[in-house]
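Inspection log for the structure reproduced underneath, given as structure tokens.
2 protein chains.
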Amino acid sequence: MTLRIAEIFGPTIQGEGALIGEPTVFVRAGGCDYRCSWCDSLHAVDSAFRSTWAPMTADAALAEVERLSGGQPLTVSLSGGNPAIQDFGPLISLGRARGYRFACETQGSVARPWFGDLATLVLSPKPPSSGQRVDWDAFAACVAAGAPAGQTVMKIVIFDEADLAWARDAAARHPGLPLYLQPGNPEVDPDRPVDPQALADRLLWLVERTTGRGWFTPRILPQLHVLIWGNRRGV
Amino acid sequence: MTLRIAEIFGPTIQGEGALIGEPTVFVRAGGCDYRCSWCDSLHAVDSAFRSTWAPMTADAALAEVERLSGGQPLTVSLSGGNPAIQDFGPLISLGRARGYRFACETQGSVARPWFGDLATLVLSPKPPSSGQRVDWDAFAACVAAGAPAGQTVMKIVIFDEADLAWARDAAARHPGLPLYLQPGNPEVDPDRPVDPQALADRLLWLVERTTGRGWFTPRILPQLHVLIWGNRRGV
Chain A
1 MTLRIAEIFG PTIQGEGALI GEPTVFVRAG GCDYRCSWCD SLHAVDSAFR STWAPMTADA
61 ALAEVERLSG GQPLTVSLSG GNPAIQDFGP LISLGRARGY RFACETQGSV ARPWFGDLAT
121 LVLSPKPPSS GQRVDWDAFA ACVAAGAPAG QTVMKIVIFD EADLAWARDA AARHPGLPLY
181 LQPGNPEVDP DRPVDPQALA DRLLWLVERT TGRGWFTPRI LPQLHVLIWG NRRGV
Chain B
1 MTLRIAEIFG PTIQGEGALI GEPTVFVRAG GCDYRCSWCD SLHAVDSAFR STWAPMTADA
61 ALAEVERLSG GQPLTVSLSG GNPAIQDFGP LISLGRARGY RFACETQGSV ARPWFGDLAT
121 LVLSPKPPSS GQRVDWDAFA ACVAAGAPAG QTVMKIVIFD EADLAWARDA AARHPGLPLY
181 LQPGNPEVDP DRPVDPQALA DRLLWLVERT TGRGWFTPRI LPQLHVLIWG NRRGV
């Protein structure tokens, strides 16, 4: 059985969410069951890019992770696309046996038994600005599948006030999940530079509308990779 | 008994380290046993500012925290200066009884029994660029005092290659402490704007010299408050 892999890159730091700042190798899966309007990873989502996705066995994927990390165990983040539409169980088993820790980032639309083998499961339900609709039963099944994981957290991208109101409801559905919010990034063209001041401004906007309004549940974080590298790929 | 308080402000987000992004009210203690060359909080350190430090009872300090947070419990960060040269035990006891969680940021030069009552103890030994010298016996006493705390972490500011080599040795002394590194901020004048691009450049420099060189132990984080607000006080 082979995996469809859009890219494997790193080591670099995790730029967002619960593991922000953590040295990480990223395994980006090709293919997604969603089409978010503001997707920043279309090269791993749109089937027009399918010819660029490499078929790899779990052995081959782990070999590439080991090559990049010099054989030194670290955190491996499974991202996408939606990695949960493929079976990453064998890669996780092989990697854990070599000392690697796994995180997975998924919207929570498809539950997998291997969620329980993760150190960190990041479920990121998509708010109204995405144009997608969340199936909360499927989401709850993902939370249940992740129960044996080291930690399960919820991360929501916020573009506007409607997203923010929606995030409050989402948080109320799963009050046991630590919550992370991050400002949406409207500048996703990899060939155009990102303005760090604009990124700072969006972070300030979100802090003022959450912490500043007395909502103390979520941690508010930017996307550090965008601050450092803009929308360049492979970093 | 009264505390010397330089400022109480928030709620805002914690800008750095293990609790980055966490909604927080800051209680900044006045007075410090160190004089770091690059100190970004001289108004809470230099005794020339002593007349601006308010004598407050623990009751009065908690009342101000409650006023700022609208009575809603959140994380209270004790910073400074060095909060460990004063007795914050009574404030922590009073606050915990009302549901507040406490974090404390200190260089690790003075151990206190109340370290054990913290949710998060951040020990930040100062590297060579500070011009200070760490007493590692005192530091170990701080680690021991913090054993009952929720978590104890080590955070080191890095200005140059010498600091980085020193941080590796510091990490080796306490391999059980999660380690956070952050680039030093040479622009500490509160009246001058900070260049977000320069902050991004310093973060990239540190990532390249740690994660990029195969040192996967530390998490690498910027100072978000500097990104958002520059060196303004009270935010």
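Just so you know, the protein sequences line up as chains A and B, in that order.
Mapped onto full-length UniProt numbering, the consecutive letters of the first sequence carry residue numbers 1 to 235.
Mapped onto full-length UniProt numbering, the consecutive letters of the second sequence carry residue numbers 1 to 235.
Even for Gly, the Cβ is constructed at its ideal location relative to N, Cα and C.
These numbers were taken from a predicted model, which means no experiment stands behind them.
For residue i, which of helix, strand or coil comes out of DSSP?
{"i": "Pro55 (chain A)", "result": "strand"}
{"i": "Gly30 (chain B)", "result": "coil"}
{"i": "Ile228 (chain A)", "result": "helix"}
{"i": "Gln197 (chain B)", "result": "helix"}
{"i": "Thr210 (chain B)", "result": "coil"}
{"i": "Pro11 (chain A)", "result": "strand"}
{"i": "Ser124 (chain B)", "result": "coil"}
{"i": "Ala6 (chain B)", "result": "strand"}
{"i": "Leu177 (chain B)", "result": "coil"}
{"i": "Glu105 (chain A)", "result": "strand"}
{"i": "Ser37 (chain A)", "result": "coil"}
{"i": "Val65 (chain A)", "result": "helix"}
{"i": "Arg202 (chain A)", "result": "helix"}
{"i": "Pro90 (chain B)", "result": "helix"}
{"i": "Arg219 (chain A)", "result": "strand"}
{"i": "Leu118 (chain A)", "result": "coil"}
{"i": "Ile20 (chain B)", "result": "coil"}
{"i": "Val143 (chain A)", "result": "helix"}
{"i": "Pro113 (chain B)", "result": "helix"}
{"i": "Leu78 (chain A)", "result": "strand"}
{"i": "Pro183 (chain A)", "result": "strand"}
If you measure from the beta carbon of residue i to each beta carbon in chain B, is any gap under 8 Å?
{"i": "Ala65 (chain A)", "result": "The sequence as given places Val at residue 65 (chain A); Ala does not occur at that position. With 8 Å as the cut-off, Val65 (chain A) does not count as an interface residue toward chain B."}
{"i": "Ala200 (chain A)", "result": "yes"}
{"i": "Gly234 (chain A)", "result": "no"}
{"i": "Leu42 (chain A)", "result": "no"}
Counting only beta-carbon separations shorter than 8 Å, does residue i have a partner in chain A?
{"i": "Glu22 (chain B)", "result": "yes"}
{"i": "Ala103 (chain B)", "result": "no"}
{"i": "Thr12 (chain B)", "result": "yes"}
{"i": "Thr211 (chain B)", "result": "yes"}
{"i": "Ile156 (chain B)", "result": "no"}
{"i": "Gly214 (chain B)", "result": "yes"}
{"i": "Leu204 (chain B)", "result": "yes"}
{"i": "Pro175 (chain B)", "result": "no"}
{"i": "Gly70 (chain B)", "result": "yes"}
{"i": "Ala123 (chain B)", "result": "The residue you asked about is not Ala; residue 123 (chain B) is Leu in the sequence shown. False, the Cβ-Cβ gap to chain A never drops below 8 Å."}
{"i": "Val110 (chain B)", "result": "no"}
{"i": "Ile228 (chain B)", "result": "yes"}
{"i": "Val207 (chain B)", "result": "yes"}
{"i": "Leu91 (chain B)", "result": "no"}
{"i": "Leu224 (chain B)", "result": "yes"}
Would residue i and residue j qualify as a contact pair, given that the criterion is a beta-carbon distance under 8 Å?
{"i": "Thr12 (chain A)", "j": "Thr24 (chain A)", "result": "yes"}
{"i": "Ala149 (chain A)", "j": "Phe115 (chain A)", "result": "yes"}
{"i": "Gly108 (chain A)", "j": "Pro125 (chain A)", "result": "yes"}
{"i": "Leu62 (chain B)", "j": "Gly95 (chain B)", "result": "yes"}
{"i": "Leu78 (chain A)", "j": "Cys104 (chain A)", "result": "yes"}
{"i": "Gly17 (chain A)", "j": "Val122 (chain A)", "result": "yes"}
{"i": "Leu181 (chain A)", "j": "Ile156 (chain A)", "result": "yes"}
{"i": "Leu91 (chain B)", "j": "Ala58 (chain B)", "result": "yes"}
{"i": "Leu203 (chain A)", "j": "Ile158 (chain A)", "result": "no"}
Distance, Cα to Cα, residue i vs residue j?
{"i": "Val45 (chain B)", "j": "Gly80 (chain A)", "result": "48 Å"}
{"i": "Pro113 (chain A)", "j": "Pro178 (chain B)", "result": "29 Å"}
{"i": "Ile5 (chain A)", "j": "Leu227 (chain B)", "result": "35 Å"}
{"i": "Thr120 (chain A)", "j": "Gln151 (chain A)", "result": "5 Å"}
{"i": "Ser129 (chain B)", "j": "Gly89 (chain A)", "result": "47 Å"}
{"i": "Asp191 (chain B)", "j": "Val27 (chain A)", "result": "44 Å"}
{"i": "Arg209 (chain A)", "j": "Trp38 (chain A)", "result": "21 Å"}
{"i": "Val153 (chain B)", "j": "Asn185 (chain B)", "result": "21 Å"}
{"i": "Leu199 (chain B)", "j": "Pro222 (chain B)", "result": "8 Å"}
{"i": "Val235 (chain A)", "j": "Val110 (chain B)", "result": "41 Å"}
{"i": "Ala172 (chain B)", "j": "Trp53 (chain A)", "result": "41 Å"}
{"i": "Asp87 (chain B)", "j": "Pro183 (chain A)", "result": "39 Å"}
{"i": "Ile85 (chain B)", "j": "Asp33 (chain B)", "result": "8 Å"}
{"i": "Met56 (chain A)", "j": "Glu7 (chain A)", "result": "11 Å"}
If the cut is a Cβ gap below 9 Å, which residues of chain B does residue i touch?
{"i": "Pro190 (chain A)", "result": "Near Pro190 (chain A) there are no residues of chain B at all, since even the closest Cβ is about 17 Å away, more than 9 Å."}
{"i": "Leu74 (chain A)", "result": "Thr211 and Phe216"}
{"i": "Thr62 (chain A)", "result": "Checking the sequence, you will find Leu at residue 62 (chain A) rather than Thr. What Leu62 (chain A) touches in chain B: nothing, since even the nearest Cβ is about 17 Å away."}
For a contact meaning CB atoms closer than 7 Å, what does residue i contact in chain B?
{"i": "Gln197 (chain A)", "result": "Pro196"}
{"i": "Leu221 (chain A)", "result": "Ile20 and Gly21"}
Against residue i, what residues of chain A qualify as contacts under a CB-to-CB distance less than 9 Å, listed in chain order?
{"i": "Val27 (chain B)", "result": "Neighbours of Val27 (chain B) on chain A: none; closest Cβ ~16 Å, over 9 Å."}
{"i": "Leu78 (chain B)", "result": "Simply none; closest approach about 18 Å."}
At a CB-CB cut-off below 8 Å, which residues of chain B make contact with residue i?
{"i": "Leu164 (chain A)", "result": "What Leu164 (chain A) touches in chain B: nothing, since even the nearest Cβ is about 15 Å away."}
{"i": "Leu94 (chain A)", "result": "Ordered by position in chain B, no residue passes the 8 Å Cβ test against Leu94 (chain A), which lies about 19 Å from the chain."}
Any heavy atom of the ligand ATP closer than 7 Å to the CB of residue i?
{"i": "Leu42 (chain B)", "result": "Only the bare structure without any ligand can be found here, which leaves the ligand ATP out of the picture."}
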